[in-house]
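Right, one structure below, let's go through it.
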C-alpha cells in the first residue's frame, strides 16, 4: 500500500461510519491560532476529532532555540493519537480547509511514528467537501481510546547541524516550500529574518495543487520534482519551510509522485535563523 494516499469527499462520505475509521480535523490559521477550534465547533465532518497544530501536533517553543512549530515529544504525541481513537489497524483520514498543509503535517507525524498504512488526506479538504454538497455536523465524536504505539524514525529527520554539514554537497537537493517572495527575501510576514538557506530551491507547496485545490495527478507531480532534482538522487533530498509544516506537503506530494519519503529539516527557517553563524541567502 502506498504511503501517500488521497480520498475523495464522496469516498469518505461512503466510509465515514466504518468501524475503526478515525477522522482528524486539522484546520489552523497562523494569524489566528483559535481559528481551527472555533471553526470545528461551528461544523465538522461527522465523527471527526479536532487536532490542533500547536497543542497536539507540535511541541513547546523554546525562544531562540526551536522553530515556531517544533516536533512534539513522541510519547505525548502517541498519547494524543490514542485519545483520538487511533489503533495500529485504524484507517485515518486527515483534512483541513483545503490546501492540505496542516493535514500533511499530521500525515508526516504518523509516518514518523511508524503508521504508514491506511492514512489518507481528503483531496481538496473541506472546500471540496462543501463543493460536493456534503453536510457538516455539530455533534461531538464518540471517543474510544485507541491502542496505537509507535517509535520515531530518526532516518526521516535532519537537524540544523546535520544540514549545515551537507550544504554545498553536489548531491543535496534542498527544497523550500514557502512562496517565492518569502524565499527570495522580498517579504517576511512571520519570521524576524528574511531569505532562505543557501543552496535551496523554491518549491512552493501550493504548486502541488491544481486550480481546483486538489493535488495534481501523479505524473505531473513527477515532472515537477524531476525538474527540481535534475540528475541528483531523490535519496538525498531534504524538505524545509518556515516551521516544518508546509514542507510536509512537499513530502506527501513527492510520495504521491512515486518517490521515497525524503528527509525533513523540521526546525526549518524559523529555527535556522536563531544562530547568526548559519548562512542566509536572498534572491533566486
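Residue numbers (my numbering): 60 to 343.
Each residue gets a CB set at the ideal place from its N, CA and C atoms; glycine is no exception.
With a cut-off of 8 Å on the beta carbons, I'd call residue 323 and residue 62 a contact; round off their distance for me.
Stepping through the chain shown from its first residue, residue 323 is reached at position 264. Stepping through the chain shown from its first residue, residue 62 is reached at position 3. That pair is no contact at about 14 Å.
My parser needs the alpha helix (DSSP H) runs of 4 or more residues fully inside the region 265-317; what are they?
277-288 and 305-315
Classify residue 140 as helix, strand or coil using the three-state DSSP reduction.
Numbered from 1 along the chain shown, position 81 holds the residue referred to as residue 140. Look at residue 140 here: in three-state DSSP terms it is helix.
Whether or not the region 107-119 and the region 179-187 are in contact is what I'm after, with contact meaning three or more pairs of Cβ atoms, one per stretch, closer than 8 Å; do they touch?
no
State whether the region 331-341 contacts the region 241-251, with contact taken as three or more CB pairs (one from each stretch) at a distance under 8 Å.
yes
What residue range does the alpha helix (DSSP H) around residue 150 cover?
For the purposes of this step, residue 150 is taken as residue 91 along the chain shown, with counting starting at 1. Note, residue 150: premise wrong, no alpha helix (DSSP H); beta strand (DSSP E) at 150-154.
In whole angstroms, give me the CA-to-CA distance for residue 222 and residue 114.
Working through the chain shown from its first residue, we reach residue 222 at position 163. Working through the chain shown from its first residue, we reach residue 114 at position 55. Whole-angstrom Cα-Cα distance: 27 Å.
Might you give, ordered along the chain, the residues of its own chain that have their beta carbon closer than 8 Å to the beta carbon of residue 219, omitting 5 neighbours on each side?
Numbered from 1 along the chain shown, position 160 holds the residue referred to as residue 219. Hits under 8 Å: 324, 326, 330, 331, 334 and 337.
Kindly provide the ranges of any beta strand (DSSP E) runs that are 3 or more residues long and lie completely inside the region 163-187, ordered along the chain.
Every beta strand (DSSP E) stretch that sits fully inside the region 163-187 and reaches 3 residues is listed by chain position as 178-181.
DSSP beta-bridge partners for residue 125?
Your numbering for residue 125 matches position 66 in the chain shown. None, per the DSSP bridge assignment.
What residue does the beta strand (DSSP E) around residue 64 start on, and which one ends it?
In the chain shown, residue 64 corresponds to position 5, counting from 1. Where residue 64 is concerned, the enclosing beta strand (DSSP E) stretches over 64-66.
With a 10 Å radius around its C-beta and 16 neighbouring C-beta atoms as the bar for buried, classify residue 199 as buried or exposed.
The sequence position of residue 199 within the chain shown is 140, counting from 1. Exposed, by the Cβ-count rule.
In the DSSP output, what is residue 322 paired with across the bridge?
In the chain shown, residue 322 corresponds to position 263, counting from 1. Within the DSSP secondary-structure output, residue 322 pairs in a beta bridge with 297.
At the level of alpha carbons, what is the spacing between residue 241 and residue 78?
Numbered from its first residue, the chain shown carries residue 241 at position 182. Numbered from its first residue, the chain shown carries residue 78 at position 19. So the two alpha carbons sit approximately 44 Å from each other.
Could you give the residue range of the beta strand (DSSP E) that holds residue 83?
For the purposes of this step, residue 83 is taken as residue 24 along the chain shown, with counting starting at 1. Segment 80-84, the beta strand (DSSP E) holding residue 83.
Under 8 Å between the Cβ atoms of residue 291 and residue 230?
Position 232 of the chain shown, counted from the start, is the residue given in the question as residue 291. Position 171 of the chain shown, counted from the start, is the residue given in the question as residue 230. Yes; because the gap between Cβ atoms is below 8 Å, this pair is in contact.
As a quick exercise: from 214, 192 and 127, pick the residue whose alpha carbon is nearest that of residue 67.
For this step, residue 67 is matched to residue 8 along the chain shown. The candidate whose alpha carbon is nearest that of residue 67 is 192.
Taking the straight line between their C-alpha atoms, what separation do you get for residue 260 and residue 197?
By 1-based counting over the chain shown, the position of residue 260 is 201. By 1-based counting over the chain shown, the position of residue 197 is 138. Rounded to whole angstroms, residue 260 to residue 197 spans 43 Å at the Cα level.
How many angstroms separate the CA atom of residue 299 from the CA atom of residue 133?
As a working mapping, residue 299 is identified with position 240 in the chain shown. As a working mapping, residue 133 is identified with position 74 in the chain shown. The straight-line gap from Cα to Cα measures roughly 20 Å.
I need the boundaries of the beta strand (DSSP E) containing residue 234, first residue and last residue.
Here the question's residue 234 lines up with position 175 in the chain shown. Per DSSP, residue 234 belongs to the beta strand (DSSP E) from 232-235.
Are residue 54 and residue 112 close, meaning C-beta to C-beta below 8 Å?
Any question about residue 54 goes unanswered here, given that the chain covers just 60 to 343.
Give me the Cα-Cα distance between residue 227 and residue 289, rounded to the nearest whole angstrom.
Counted from its first residue, the chain shown places residue 227 at position 168. Counted from its first residue, the chain shown places residue 289 at position 230. Distance between the alpha carbons of residue 227 and residue 289: 16 Å.
Within 10 angstroms of the Cβ of residue 98, are there 16 or more other Cβ atoms? Answer buried if so, exposed if not.
Taking the first residue of the chain shown as position 1, residue 98 is located at position 39. It counts as buried.
Just to confirm, is the Cβ distance from residue 204 to residue 282 under 8 Å?
Within the chain shown, the letter at position 145 stands for residue 204. Within the chain shown, the letter at position 223 stands for residue 282. For residue 204 and residue 282, no; Cβs fall outside 8 Å.
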